[in-house]
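Going down the list, the sequences are from chains A and B. What the first sequence shows, in full-length UniProt numbering, is residues 1 to 530, in sequence order. What the second sequence shows, in full-length UniProt numbering, is residues 1 to 530, in sequence order. Report on the following structure.
There are 2 protein chains.
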Amino acid sequence: MTITAPARPATEKVYRTELSPVSFLRRSAYVFPDRVAVVHGEWRITYRELEERVNRLASALVAEGIEPGERVAYLAPNIPALLEAHYGVPAAGGVLVAINTRLNRDEVAYILEHSGARMVFVDHELVHLVDGSDLPTIRIDDTGAADDPYERFLAGGSPERFEVPIAGEEQTIAINYTSGTTGRPKGVMYSHRGAYLNALMEALESHLRPDSVQLWVVPMFHCNGWCFTWAVTAIGARHVCLRKVDPTLIWELIDREGITHYNAAPTVHLGVVTHPAAHRVERGLTVTIGGAPPSPTLLAKMAALNFTPVHVYGLTETYAPYTVCEPHPEWESLPDAEQAQLLARQGVHNIVADPIRVVDAEMNDVPRDGKTMGEVLMRGNNVMTGYFDDPDATAVAFAGGWFHSGDIGVMNPDGYIEIRDRKKDIIISGGENISTIEVEHAVCSHPAVLECAVIAIPDEKWGERPKAFVKLAAGQEATERQIIDFCRERIAHFKAPAAVEFRDLPKTSTGKVQKYVLREQEWSTSRSMT
Amino acid sequence: MTITAPARPATEKVYRTELSPVSFLRRSAYVFPDRVAVVHGEWRITYRELEERVNRLASALVAEGIEPGERVAYLAPNIPALLEAHYGVPAAGGVLVAINTRLNRDEVAYILEHSGARMVFVDHELVHLVDGSDLPTIRIDDTGAADDPYERFLAGGSPERFEVPIAGEEQTIAINYTSGTTGRPKGVMYSHRGAYLNALMEALESHLRPDSVQLWVVPMFHCNGWCFTWAVTAIGARHVCLRKVDPTLIWELIDREGITHYNAAPTVHLGVVTHPAAHRVERGLTVTIGGAPPSPTLLAKMAALNFTPVHVYGLTETYAPYTVCEPHPEWESLPDAEQAQLLARQGVHNIVADPIRVVDAEMNDVPRDGKTMGEVLMRGNNVMTGYFDDPDATAVAFAGGWFHSGDIGVMNPDGYIEIRDRKKDIIISGGENISTIEVEHAVCSHPAVLECAVIAIPDEKWGERPKAFVKLAAGQEATERQIIDFCRERIAHFKAPAAVEFRDLPKTSTGKVQKYVLREQEWSTSRSMT
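Put into structure tokens, the structure is as follows:
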């Protein structure tokens, strides 16, 4: 069976081509056909092969009946099949829905249902998550062998250039579901245009070059791997896949594959840089940090290993990174602690984004004093086109012509923003706002602390007070009293934790602490005690 | 007098901002306000100051009556005022017409007339070029002092943020007139969108970083400095101005200002790398070469100085660079001559361009054999929106939905193109096509030759035959016979020059050899001789 479709045709305008990241794969396959594009264990896929596999996927999807705009779901770790989906699904005219693999079966079923996915590709280790679904399902054994059902699916397509033209660059390329810690997950729509511009931006901000080698630590299902699925391909660099975030394996690959770049949340980076195999890398690594601000400890350890951090901030709704903490050369002469403090700020709008704002309840900009808290707003090419099939939620998020992030931050005199909290996390104690992040920074600067999370707990007198959950570093000890006293020396007394509990922190698949788990525990306990 | 206009407003879509390179200046002024943006002799302009000067220019232009879409002309060397025009004119809603300063008064008058320029800014050394014009004229003394008429004009504007919103990103930002060696010059229109995408591409392809320092060798009036006027600002790097291309001064600035990047045609590069002051630069320089292919000699000299060449090719109609000769690591192990041959090819479409084509008269792609000649075609975001006020010429150039470059090239088996000639330069000898560039390469590989140009001369028997004009390297000697014999050992006998003349080559302001000058001389002589 061969399905033919025209190559991406000329629009009527000679001077206009609709922006789409699919063109990046086409170009790299044209320019660097024999360069290794993807490494997965012993398996190496050149750019020519990658494009052929993508053509096979796209043409087989169309043969399967996928119509322009229809959704195709994936449940997979960071393997070649999921990278291929980032090109093959849009080349088929479809919309990629890469689902978080840490969700449970009900959550997955909700997303499959809500997105209206027409079919689902699922990694062999995750098949239980689609049990009971009546969607056409293709299992990915991730072997690359002819009897792998995914490979059989590709074999049904054609390696010839195949691309269903898009109607326009604002068409949806992917839907990424939010984590849904409050209410049902929402489907965040990315456009071809947004994905294209973000990819160019990431390549610039992370200094990607054709000889770069990206290790796939951040999940590709998470904001399409912060759009690096497209950025790394755009520049003709190499993807190194990783089924599982395992610091031992990460260090093996850093050495064996000559890794130059990887992205992760601070907790994951911490696991890497504190691992026994950690060592200085002479060629240097550029590591992008997102999901939470890097601690001074993390930055110091990175410097010792010759890692250059790029600190970014954003949300699923902003294609992941919206801001970057652009470093200034003058900072290098400052004391380490001060430098770390500057680098831990979320920073400024990236090169393709509009200026970010921090506003009060009336949408007036807060003063640039580094103190007045307000909600963070964004807009422009770096913002989702809306929530899929949810005009009400979109209207709320876009109220007043700006995307409301739900993050509370301050604007510093130099125009760099600093996130103080999620709107729902902020602690209101005796009428004062307390940023849980500020308290966490104080707790984490205690030398015995590896990581911590602070939430509001109910308090009869003050309404709410902060409680810290602390994981100590290996071999370290500290008491509740010591931690509290340590904090009271550093921040206002009313901001210091009222209680400290030592435990492992519950985390999402992307390494973010699940504060709602801690909160549920505390508030249900408290309530039952009243 | 204060004119106010809204800051670039939200479009109706929260997720869309019209692409415009003016946003790059806004961002760099926001992120790096105290960083030096522009160096001009002893004068240093920070990004904050640059934005304020641009706001002044834009608001003063509007106060002067410039309406959206109206043209503002400039005649200036690479000085701060011309860089400012690249932001201030579009921020006023206007269209920049930066005129080639080597033109004569009649040619300038034609462009002022044809473009419908509403006013003209002219450098104090070029005032004679607008003598007799009745347009409002602002003289630029290039002193930065309060009594400089240009500075007085800025003083009339306001430093507050000022920007007339554009109706859409396809609106014209600049008109660049072709050199007009055949017929009248044509006005090539660039859009905000095209300029924006090209700037991001240049930053990626030339590896610009925020700590880069660009020396302004290529004229800013030439395709807006190959769009580097916007690219360097986008990344927050530094512009170093240069009134005059003088290798002595270039070497002084390379050392004094820590230059990391400059762009030029090969003849200019040759002047730099063969200059007595030339020396190895430890930090390295990235030098973009366009206008003609780099010779093996030039590449070897660059390598010795630690210069990394980026060879690009394009036309005024393609925002300058359309292709880049993307190097492959494997080439590094090849013998120097072979490497140079590969690097001298024009290469592949850049990261924001559509694939380039080489076609026969019926617009069918020629075989990828490195031999069959055809016309080079381009399309997409890297192509002009058309010729200003010349729908007929636009229709001819865009025939069949592609831009016809008028360049004759071949497609190599690896997909890299090689330009063999301008359509009008190609020599037809006994029914065979001879590429003047191929003959030039043969002549230039003679050790005594510094540079050369080959044109067709009339021949009774063969119709046309090649003649070489040669400039010998300092202190070198060679005879006509020696050059011809040398060539006959390297290329087919019928391609070797029938005659050789030793002389300085006539050049355009951008360092391109003016073959038409040589041709006029030869053909008028010949004609008068028949």
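Glycine residues also receive a C-beta, built at the ideal position from the N, C-alpha and C atoms.
Do the CB positions of residue i and residue j come within less than 8 Å of each other?
{"i": "residue 324 (chain A)", "j": "residue 307 (chain A)", "result": "no"}
{"i": "residue 340 (chain A)", "j": "residue 296 (chain A)", "result": "yes"}
{"i": "residue 55 (chain A)", "j": "residue 159 (chain A)", "result": "yes"}
{"i": "residue 273 (chain A)", "j": "residue 250 (chain A)", "result": "no"}
{"i": "residue 383 (chain B)", "j": "residue 318 (chain B)", "result": "yes"}
{"i": "residue 284 (chain B)", "j": "residue 263 (chain B)", "result": "no"}
{"i": "residue 453 (chain B)", "j": "residue 513 (chain B)", "result": "yes"}
{"i": "residue 32 (chain A)", "j": "residue 91 (chain A)", "result": "no"}
{"i": "residue 411 (chain B)", "j": "residue 358 (chain B)", "result": "yes"}
Three-state secondary structure (DSSP) at residue i?
{"i": "residue 17 (chain A)", "result": "coil"}
{"i": "residue 484 (chain B)", "result": "helix"}
{"i": "residue 88 (chain B)", "result": "helix"}
{"i": "residue 532 (chain A)", "result": "In the structure displayed, chain A extends from 1 to 530; residue 532 (chain A) sits before or after that span and is not available."}
{"i": "residue 43 (chain B)", "result": "strand"}
{"i": "residue 71 (chain A)", "result": "strand"}
{"i": "residue 254 (chain B)", "result": "helix"}
{"i": "residue 327 (chain B)", "result": "coil"}
{"i": "residue 478 (chain A)", "result": "coil"}
{"i": "residue 218 (chain A)", "result": "coil"}
{"i": "residue 408 (chain A)", "result": "strand"}
{"i": "residue 528 (chain A)", "result": "In this prediction, residue 528 (chain A) scores a pLDDT of 41, lower than 50, which makes its location untrustworthy; the coordinate-derived value is nonetheless stated afterwards. In the structure shown, residue 528 (chain A) sits in a helix (DSSP, three-state: H, G or I)."}
{"i": "residue 176 (chain B)", "result": "strand"}
{"i": "residue 238 (chain A)", "result": "strand"}
{"i": "residue 192 (chain B)", "result": "helix"}
{"i": "residue 96 (chain B)", "result": "strand"}
{"i": "residue 5 (chain A)", "result": "Per-residue confidence for residue 5 (chain A) stands at a pLDDT of 39, beneath the threshold of 50, marking its modelled position as unreliable; no derived number is given."}
{"i": "residue 302 (chain A)", "result": "helix"}
{"i": "residue 152 (chain A)", "result": "helix"}
{"i": "residue 375 (chain A)", "result": "strand"}
{"i": "residue 141 (chain A)", "result": "coil"}
Count the other CB atoms within 10 Å of the CB of residue i; is the residue buried (16 or more) or exposed (fewer)?
{"i": "residue 41 (chain A)", "result": "exposed"}
{"i": "residue 135 (chain B)", "result": "exposed"}
{"i": "residue 354 (chain A)", "result": "buried"}
{"i": "residue 222 (chain A)", "result": "buried"}
{"i": "residue 168 (chain A)", "result": "exposed"}
{"i": "residue 334 (chain B)", "result": "exposed"}
{"i": "residue 186 (chain A)", "result": "buried"}
{"i": "residue 431 (chain B)", "result": "exposed"}
Check whether the Cβ of residue i sits closer than 7 Å to any heavy atom of the ligand GDP, and report yes or no.
{"i": "residue 396 (chain B)", "result": "Annotation note on the ligand GDP: not contained in the displayed structure, which lists no ligands."}
How would you list, in chain order, the residues of chain B whose beta-carbon sits under 8 Å from the beta-carbon of residue i?
{"i": "residue 381 (chain A)", "result": "15, 16, 17, 19"}
{"i": "residue 326 (chain A)", "result": "31, 32, 210, 236"}
{"i": "residue 384 (chain A)", "result": "15"}
Along the alpha helix (DSSP H) that carries residue i, what are the first and last residues, could you check?
{"i": "residue 341 (chain A)", "result": "336-343"}
{"i": "residue 352 (chain A)", "result": "Segment: none, residue 352 (chain A) is in no alpha helix (DSSP H) and carries neither H nor E."}
{"i": "residue 435 (chain A)", "result": "Taken as a continuous stretch (DSSP letters only), residue 435 (chain A) belongs to no alpha helix (DSSP H), as it is neither H nor E."}
{"i": "residue 455 (chain B)", "result": "Counting along the chain, residue 455 (chain B) falls outside any alpha helix (DSSP H), though it belongs to the beta strand (DSSP E) covering 449-459."}
Following the continuous beta strand (DSSP E) through residue i, name the residue where it begins and the one where it ends.
{"i": "residue 418 (chain B)", "result": "417-422"}
{"i": "residue 428 (chain B)", "result": "427-429"}
{"i": "residue 311 (chain B)", "result": "307-315"}
{"i": "residue 215 (chain A)", "result": "213-215"}
{"i": "residue 465 (chain A)", "result": "463-472"}
{"i": "residue 288 (chain A)", "result": "285-289"}
{"i": "residue 106 (chain B)", "result": "Premise fails: residue 106 (chain B) lies in the alpha helix (DSSP H), 105-115, not in any beta strand (DSSP E)."}
Is residue i close to chain C? Criterion is C-beta to C-beta, closer than 8 Å.
{"i": "residue 250 (chain B)", "result": "Absence of chain C from the displayed structure is noted, the protein chains being A and B."}
At 9 Å on the CB atoms, spell out the chain B contacts of residue i, in chain order.
{"i": "residue 207 (chain A)", "result": "207, 209"}
{"i": "residue 166 (chain A)", "result": "The premise fails here: residue 166 (chain A) is roughly 14 Å from chain B at the closest Cβ pair, so nothing lies under 9 Å."}
Going along chain A in order, which residues have a C-beta closer than 8 Å to the C-beta of residue i?
{"i": "residue 228 (chain B)", "result": "Near residue 228 (chain B) there are no residues of chain A at all, since even the closest Cβ is about 15 Å away, more than 8 Å."}
{"i": "residue 203 (chain B)", "result": "204"}
Which chain A residues are close to residue i, counting only those with a beta carbon under 7 Å from its beta carbon?
{"i": "residue 195 (chain B)", "result": "Near residue 195 (chain B) there are no residues of chain A at all, since even the closest Cβ is about 12 Å away, more than 7 Å."}
{"i": "residue 402 (chain B)", "result": "14"}
Please compile the residues from chain B whose C-beta is within a distance smaller than 7 Å of the C-beta of residue i.
{"i": "residue 307 (chain A)", "result": "Here the premise fails: no neighbours, minimum Cβ distance about 18 Å."}
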